[in-house]
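A.B. asks: Pasting in a structure now, in structure tokens, and then I'll have a few things to ask.
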Amino acid sequence: MMAFAVLPARADCLDDAAAFHRVNPRLLRVIAQHESGMRANAVNRNTNGSEDIGLMQINTSWLPTLARYGIRREHLFNGCVSAYVGAWILASNVRRFGPNWKAVGAYNAVTPSKQLVYASAIYRRFMQQGR
């Protein structure tokens, strides 16, 4: 289940989204830092023609699924919406793969080798910020 319809202005939507979707808030924040540098207006084009949008760099391949919940491309530039969508994707991966680094790698990639590279980068950041 996703909750996006009306999101009040919050001091920290990443913490709220992490709590709602029951994912580690520090991990969600590290993913946002890695993906967009904490920029809600970030857009990156991929070699396959898709785009990664917003704070959590939600890939445009998610747009048909998100449309069922009333979320359109322009909504992903709202940091709170992006945080909730990103937390939902991460939580879905945890349900699918278990609470492990494969679930983190699947946030960014489909292929196991790319998942490993991504998860390793997130792990390094996560451990550095824990100091």
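In this text, residue positions in the sequence shown follow UniProt numbering: the first is 1, and each later residue adds one. Glycine is no exception: its CB is placed at the ideal position from the N, C-alpha and C atoms. Note that the structure is predicted; figures quoted are calculated from it, not measured.
Alpha carbon to alpha carbon, how far is M127 from S120? Give it in angstroms, no decimals.
C.D. replies: 11 Å
A.B. asks: Only counting the same chain, and skipping five residues up and downstream in sequence, which positions put a Cβ closer than 6 Å to that of N108?
C.D. replies: Contacts found: Y118.
A.B. asks: Entirely within the region 22–97 and at least 4 residues each: give me those alpha helix (DSSP H) ranges in chain order.
C.D. replies: Counting only runs of 4 or more, we get 25–36, 63–67 and 79–97.
A.B. asks: Might you give, ordered along the chain, the residues of its own chain that have their beta carbon closer than 6 Å to the beta carbon of P25, omitting 5 neighbours on each side?
C.D. replies: D15 and A18
A.B. asks: Can you check which of these residues, L66, M56 and N48, is closest to A42 by C-alpha distance?
C.D. replies: M56
A.B. asks: The alpha helix (DSSP H) spanning Y123 covers which residue range?
C.D. replies: P112 to Q129
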